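Just so it is clear: in the sequence shown, position 175 is 174 by numbering that gives the first Met the number 0, and no numbers are missing. Virtual Cβ for every residue (Gly too), placed ideally from N, Cα, C. Here the structure is a predicted model, which means the values were calculated and not measured. Below is one structure, written out as structure tokens, with a few remarks after it.
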Amino acid sequence: MFGRIRVGIMGTGAIARKMAATIKHTRGLSLYAVGSREQETAESFASEFKCKKAYGSYEALVQDSKVDLVYVATPNSAHYDCAKLALNNGKPVLVEKPFMLNEKQAQEILDLGKEKGLFVQEAMWTRFLPLAAEMQEVIASGLIGDVRSLTAHICAPIADKQRIADPALGGGALLDMGVYVLTFASLFFGDEVSDIASLASKNSLGADEQTGILLRYADGKVA
């Protein structure tokens, strides 16, 4: 790829709109196309954000040879199918968090990306904050001693948000917000987890409204 990377967005919801606005102000990127389940929705999005192409299906989006990178901004429950569709059509893919609904899906998509020789990444913005890199350096240097315990919290009202309250859409506190604190634990303590304990309270649909997780690492650290 030469020049600006032409991005095709799958989905037209709130997070897709935020990414579209971000791409407009990011050097090296160009918002080229959008795909939706409805042509009218895609065209409205394309008109607002000045996309060159608007497609009424995700299949049509990934078949456009000028799309260099696909950003998956669909509901959580569709991440797996959309990422797989993009990779099978030769497109590098950036998937909005949560990457997938479970480990099985995640491993399959990562394996497919490796098999195809294509870039696969979760759009976890906190991982790439300058502050996160600086904190990693401080902890690794021993400047503040041997850090053995990490505590992180994140809270937000979710009961009235269908995409979060409905497990059929890949909802729940863990997948919507818990991924942030788990990412922080991974950044600073690594991924050698030896034990996991968790406790959750669920809504009437079966989605977790609150979740607490305790991680124990192979070296005895806890988060």
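V61: member of the alpha helix (DSSP H) spanning 57 to 61, first to last residue. Residue range 92 to 95 is occupied by the beta strand (DSSP E) that includes E95. When the five nearest sequence neighbours on each side are left out, the beta carbons in the same chain lying within less than 6 Å of the beta carbon of F118 are those of P91, in order along the chain. Uninterrupted beta strand (DSSP E) stretches at least 3 residues long and entirely within the region 76 to 124 occur at 92 to 95, 119 to 122, given in chain order.
R36 and V6 have their C-alpha atoms roughly 18 Å apart. Using a C-beta cut-off of 8 Å, the region 65 to 73 makes no contact with the region 150 to 164, since fewer than three inter-stretch Cβ pairs fall below that distance. For the pair T125 and T210, the CB atoms are not nearer than the 8 Å cut-off. With a cutoff of 8 Å on beta-carbon distance, A122 and E95 are scored as near each other. D175 carries a helical assignment under DSSP once its states are collapsed to helix, strand and coil. For V6, the enclosing beta strand (DSSP E) stretches over residues 4 to 9.
Just so you know, the alpha carbons of L84 and M99 end up roughly 14 Å apart. Taking the C-beta atoms as reference points, I108 is found nearer than 8 Å to A82.
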